[in-house]
Amino acid sequence: MEGAQGTGLDVDFGTYPYVTSSNPTTGGALIGTGIPFQHLKHVIGITKAYTTRVGEGPFPTELLGEAGEKLRQKGGEFGATTGRPRRCGWFDVEMLKHSVRINGITSIALTKIDILSDYDTIPVATGYKLNGKTLDCFPSQGLDKVEVIYEEFPGWKSDISGICEFQKLPEKCKNYISALEKWIGVKINLVSTGPDRKDTIHGDSF
5 MEGAQGTGLD VDFGTYPYVT SSNPTTGGAL IGTGIPFQHL KHVIGITKAY TTRVGEGPFP
65 TELLGEAGEK LRQKGGEFGA TTGRPRRCGW FDVEMLKHSV RINGITSIAL TKIDILSDYD
125 TIPVATGYKL NGKTLDCFPS QGLDKVEVIY EEFPGWKSDI SGICEFQKLP EKCKNYISAL
185 EKWIGVKINL VSTGPDRKDT IHGDSF
């Protein structure tokens, strides 16, 4: 079972040919563990509050130059074993909706939202255009050629590290989370605000 990669690298449903050789999806997990699918009741999808990628491949929301380096340093986005720098970019709604469909995700754990606290504005990719036409789903081809449709959110500009209750978050941060939830179409039941296990907002406090 593949435990370190995500849907975007899946050999069947990822951004081929820039993929791994296995299926780091719900289906792959069931096959790898021998758990029958009928016993599966909940699937929690884990995603950062922004997007990262290691290695080559299309990355529509990628931040280049100083902007990318700022997010990489702030989020500590380097490979855990190799130290290889990760490519960083803004949150991509269509990419996550694709993961929701492929994996049958029933709820979301949103991590590292505290990393975005220093930004004046926070763009979110809400869709793509290809050849002048707005796409209604994640494309199987041409991802490297899409034009990204962004919606910008005002940053909250305050330290939210360690906050454990949703109501204690700045209003602008709550608006960001609520908007992501609406676009994705799946409930966000966990939000992490720091590196420690205790730095977690659970759904019952929303």
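According to my numbering, the sequence shown is numbered sequentially starting from 5.
Beta carbons: idealized from backbone N, C-alpha and C, even for Gly.
From a predicted model like this one, the values you see are computed outputs, not experimental measurements.
Continuous alpha helix (DSSP H) stretch holding residue i: start and end
i: His102; result: 97 to 107
i: Asn27; result: Neither: Asn27 is in no alpha helix (DSSP H) and is coded neither H nor E.
i: Ser182; result: 175 to 188
i: Gly79; result: 69 to 79
Bounding residues of the beta strand (DSSP E) (the contiguous stretch that carries residue i)
i: Thr1; result: This structure leaves residue 1 out entirely; the chain is present only between 5 and 210.
i: Cys141; result: Segment: none, Cys141 is in no beta strand (DSSP E) and carries neither H nor E.
Separation of residue j from residue i, as counted between CA atoms
i: Leu194; j: Pro21; result: 32 Å
i: Arg90; j: Lys191; result: 27 Å
i: Gly198; j: Ile188; result: 23 Å
i: Lys161; j: Tyr154; result: 20 Å
i: Glu175; j: Gly38; result: 44 Å
i: Tyr54; j: Phe95; result: 4 Å
i: Phe157; j: Leu68; result: 20 Å
i: Ser144; j: Pro64; result: 14 Å
i: Gln77; j: Lys137; result: 36 Å
i: Gly79; j: Thr85; result: 16 Å
i: Leu13; j: Gly59; result: 11 Å
i: Ala129; j: Thr110; result: 22 Å
i: Asp163; j: Gly32; result: 38 Å
Beta-carbon proximity of residue i to residue j, cut-off 7 Å
i: Ser196; j: Thr115; result: yes
i: Thr56; j: Glu73; result: no
i: Gly159; j: Tyr123; result: yes
i: Leu134; j: Val150; result: yes
i: Gln9; j: Pro40; result: no
* To do: Indicate whether the contact test is met: 3 or more Cβ pairs, each with one atom in the segment 49 to 58 and one in the segment 93 to 111, closer than 8 Å.
  => Touching, yes, given that three or more Cβ pairs across the two stretches are closer than 8 Å.
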